[in-house]
Each structure stands twice: as structure tokens, then as C-alpha cells.
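First residue of the sequence shown: 13, per my numbering; consecutive thereafter.
Heads up, the beta-carbon is just placed ideally off N, CA and C, and yes, glycines get one too.
Data first, discussion second: the structure below is written as C-alpha cells.
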Amino acid sequence: GKWKKFILQNGEGIEIHVLNYGGVIQKIMVPDRFGKVENVVLGYEKEKDYETDPYYLGALIGPVAGRIQGAEFQWNDQTFKLEKNEGNNHLHGGSQGFHQVIWEAEPLQTPEGVGVKLCHERKDGESGYPGNIKVTVIYWLNRKNELLMDYQAVTDRTTPVTLTNHTYFNLSGNLKDTVGNHRVRMNASRFAELDEALLPTGRILSVRHTPFDFGQGRKLKDGFTGSHPQNRMVGGGYDHYFFFASNPGFVSVEEAESGRMIEIVTNQPGMVLYTSNQMKKDRMLAGGWSKKYLGVCFETQASPASLHDQRFPSVLLKRDEVYRKKTVFSFHIRKR
13 GKWKKFILQN GEGIEIHVLN YGGVIQKIMV PDRFGKVENV VLGYEKEKDY ETDPYYLGAL
73 IGPVAGRIQG AEFQWNDQTF KLEKNEGNNH LHGGSQGFHQ VIWEAEPLQT PEGVGVKLCH
133 ERKDGESGYP GNIKVTVIYW LNRKNELLMD YQAVTDRTTP VTLTNHTYFN LSGNLKDTVG
193 NHRVRMNASR FAELDEALLP TGRILSVRHT PFDFGQGRKL KDGFTGSHPQ NRMVGGGYDH
253 YFFFASNPGF VSVEEAESGR MIEIVTNQPG MVLYTSNQMK KDRMLAGGWS KKYLGVCFET
313 QASPASLHDQ RFPSVLLKRD EVYRKKTVFS FHIRKR
């Protein structure tokens, strides 16, 4: 009874459902090449299931998206210990991360579009993080079929911050198929090698001549069944941080049968591509049971590995700095 749902409609056939609980994007309705409007993201049939969600479906992730090795970091000769919520490590802000917060929410509307503004203040010491931090996130849908995610944060003490959204896309519509035939293209020439705990080993690898080269576009299933040890390391697929080769970073994804296509542009330095390799058939979603390869996440962000390795894009936000990041998802239809 304490949650609110906001439905954004742009008059061009796009409809987005947002919960102020966890900043969750619950549903995105998009027409296919024949004009049939279907849901293209993973969400729960029963909204209460978001309270016990192991997959972070559609959630706003923070204060730090990703894994922090050993659930601790050092700054100015001081060690900060965080909650261990995934083995020995700290994942996606911990059990009290932004995906579990009821955000203050305000609807927005202009002649150009509609949106919802989400605000949250986290106190110094929560989950072990230093500093008071104020966060504002705006989801904005315009008449050009663009979904803008605008992130801002300020702090009174140096603290790690990198925010992202954990929506699982499936452009087949209403979960008709897995994402194996989704064709992805991105401007990334390097990616981070992972160990068995899904933590960066410290090696930054070239994508050339591997299933990680999306420069000319490739289907995601290339990484599902291939022999590359990094695909096998994550359960067959992708769960890797890619470094964008330019600013802004660019990604596109297309599903040929439906004709649906998304172009993603961001001022983040990189992105985690995750193909739901760890998802099991254990949750009822809107449209069917959860299962492996049912969705793909495009988690645009800096890297928490930077807390232990300066070659990765930094996540530290200093006092009096303003964290400003934006990612834009543009929806298109390719006619035959």
C-alpha cells in the first residue's frame, strides 16, 4: 500500500510502467513491425515479488552497481567495510541498496514528453558507505520514442557512486523467445577478464577475433554455446564489463522477427552486458517462468573494480562534485 506506479505514455505507441519501489521499470510496451504492442522487458506478475527479487528486474542499482571485491575499499588510508551479500563480496549496493528503497516520486509533464522524478537521501554509514548522499534520477519518455535516464548525485564526503538500471530486455515481445537471436553492436574494443567469482582478474583483453567483438554486430547466442573460456566462466554467455572506445558510448540491439530495435547512447565510460546466464526457472514473471537467457541487460556504468585497480573507470565521487550521467534508449521499428 506504500508503493506508487507511474505509467508514461507518449502518444506514439510507447508505454512505460515505473514503480517508486526500487525505481523499477516494470513494463515497456512497444509495437512490432505489424503494429502489435507487446511488453519488451522482464517483470513480475505479482508486484510484491519485487521485495524478494534475486535478479534485480528493472531496478535502479546503487550506490554502486556491480561487485566490490572483499566487500571493502580504502580511501585516504582508511578502510571501509561493506555488507557481504554475495559470498565474500558486496553486490549492487547490498541488501539495503537503492533497489530496495521507496523513492520519493514526482510526475513530470511538458508538451515534449512525460516522466517521473525519483529522489532519495542515504545517510552516512548506511551499509558501510561513507558520506551523506543525495540522489535524483529522472526517467523521461519523449515523442521521439526515446527513454532518457538522467542520474545526479552529490555527497558531503568522498564515496563510491556508480548508478545504473538493471532492466532485462527481450525484444521478441511477451517473452516469446530467448534473446539468443538478438543482434548487438557496440563500440567497445576491450573487456575485463573475470575469475570464477565473477570478479575482474586485472587482465583487460582485446575483443578482436573473439565472441566479445560486437563492432560489426553479432548474435548473443554466439557466446552461449561457444568454447571461449570467458563465456564458459560465467555459465555460457556474457556478464562482462566492456570499455567504450569513444565518448559517448554506443550500443544497438535488434530482434529481426519483430523488427524492434533499440539504440543506446551514454556518457558512461563502459557497460556490463549480462545475458541472464544465472537465471533459473524459479519465478513467475508477467508472461511466463523465469529462465536462462530470457533477457539481456545493458548496465551502463563505471566500474567498482576501480576501487582496487586504477586502470578501470573510477567510481569515486568527491565532496562538492556533482555526479551527472545520462543514458538514452531510442526505440525503432525496422520494416521489411
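> Taking just the CA atoms, how far does A298 sit from H29?
Replying inline: Between H29 and A298, the C-alpha separation is close to 13 Å.
>> Buried or exposed, going by whether 16 or more other CB atoms sit within 10 Å of the CB of T312?
In response: Looking at its Cβ environment, which holds 16 or more other Cβ atoms inside 10 Å, T312 is buried.
> Would you say V284 and H252 are within 8 Å of each other, going by their C-beta atoms?
Replying inline: Their beta carbons are under 8 Å apart, which means V284 touches H252 by this criterion.
>> Tell me the rounded alpha-carbon separation between S182 and V52.
In response: It is worth fixing the name first, because residue 182 is Asn in this sequence and not Ser. Roughly 5 Å between the two C-alpha positions.
>> Comparing C-alpha positions only, which one of F236, G235, E208, V263 sits nearest to R197?
In response: It is V263.
> CB-CB under 7 Å to N32, same chain, minus the five flanking residues each way: which ones, in chain order?
Replying inline: W15, K16, I114, W115, A117, L130.
>> Check this for me: beta carbons of N177 and L72, under 8 Å apart or not?
In response: At a Cβ-Cβ threshold of 8 Å, N177 and L72 count as neighbours.
> Is S258 buried or exposed, if buried means 16 or more other CB atoms sit within 10 Å of its CB?
Replying inline: A residue is called buried once 16 or more other Cβ atoms fall within 10 Å of its Cβ, and S258, having fewer, is exposed.
> With a CB to CB cut of under 7 Å and the five nearest residues on each side skipped, what residues in its chain are close to N289?
Replying inline: Residues of the same chain with a CB within less than 7 Å of the CB of N289, apart from the 5 flanking positions on each side, are V246, G247, G248, G249, D251, K304 in chain order.
>> If distances are taken between C-alpha atoms only, which option among V49, L329, E205, G34 comes closest to Q108?
In response: When each option's Cα is compared against that of Q108, the closest is G34.
> So which of H104, F92, V42 has the shortest CA-CA distance to P66?
Replying inline: That would be H104, whose Cα lies nearest to the Cα of P66.
> Considering only residues of the same chain and omitting the five flanking positions on each side of S218, which have a CB-CB separation below 7 Å?
Replying inline: Same-chain partners within the cutoff: S201, R202.
> How many Å lie between N279 and A83 at the Cα?
Replying inline: Rounded to whole angstroms, the gap between the alpha carbons of N279 and A83 is 27 Å.
> Which ranges does the beta strand (DSSP E) cover as unbroken runs of at least 3 residues, wholly within the segment 171-214, from first to last along the chain?
Replying inline: Qualifying beta strand (DSSP E) stretches, in chain order: 195-198, 200-206.
> Mind checking whether H194 and L232 have CB atoms under 8 Å apart?
Replying inline: Cβ distance < 8 Å, so H194 and L232 count as in contact.
> Using the beta-carbon count (16 or more within 10 Å), is P43 buried or exposed?
Replying inline: Result: buried.
>> Please give me, in chain order, every unbroken run of the beta strand (DSSP E) with length at least 3 that falls completely inside the segment 64-128.
In response: Taking only runs of at least 3 residues, the beta strand (DSSP E) segments lying wholly in the segment 64-128 are 84-87, 90-93, 116-122.
> E50 bridges to which residues according to DSSP?
Replying inline: Paired residues: V42.
> At a cut of 8 Å, does the segment 141-154 reach the segment 162-174 through at least three beta carbon pairs?
Replying inline: The segment 141-154 vs the segment 162-174: in contact.
>> Please state the DSSP three-state secondary structure of M245.
In response: If DSSP states are grouped into helix, strand and coil, M245 belongs with the helices.
> Using the C-alpha atoms, what's the distance from V76 back to F92?
Replying inline: Roughly 14 Å separates the two Cα atoms.
> Where does P119 land, buried or exposed, given buried means 16+ other C-beta within 10 angstroms?
Replying inline: Burial state of P119 is exposed, judged by a 10 Å Cβ sphere holding fewer than 16 other Cβ atoms.
> What's the call for V308, buried or exposed, on a 16-neighbour Cβ count within 10 Å?
Replying inline: Classification for V308: buried.
> Distance, Cα to Cα, H132 vs I37?
Replying inline: Computed Cα separation, rounded: 17 Å.
>> Helix, strand or coil for S264? Go by DSSP, reduced to three states.
In response: S264: strand per DSSP, three-state reduction.
> Under three-state DSSP, which class holds K60?
Replying inline: Here K60 carries a helix assignment [DSSP, helix/strand/coil].
> For F226, which residues does DSSP report across the bridge?
Replying inline: Per DSSP, F226 has no beta-bridge partner at all.
>> Between Y163 and chain D, is the shortest Cβ-Cβ distance under 8 Å, so that the two count as touching?
In response: Among the protein chains of the structure shown there is no chain D, as only one such chain exists.
> Any idea which residues DSSP pairs Q313 with across the strands?
Replying inline: According to DSSP, Q313 bridges with G282.
>> Taking the alpha carbon of E57 as the reference point, which residue from W301, L329, R79, V126 has its own alpha carbon closest?
In response: Measuring from the Cα of E57, the nearest candidate turns out to be W301.
> Between which two residues does the beta strand (DSSP E) containing I26 stretch?
Replying inline: In this chain, I26 is not harboured by any beta strand (DSSP E), its DSSP state being neither H nor E.
> Is it buried or exposed for T167, if we count other Cβ within 10 angstroms and need 16 for buried?
Replying inline: Buried: at least 16 other Cβ atoms inside 10 Å.
> Mind checking K347: buried by the 16 CB within 10 Å criterion, or exposed?
Replying inline: Exposed, since its Cβ has fewer than 16 Cβ neighbours within 10 Å.
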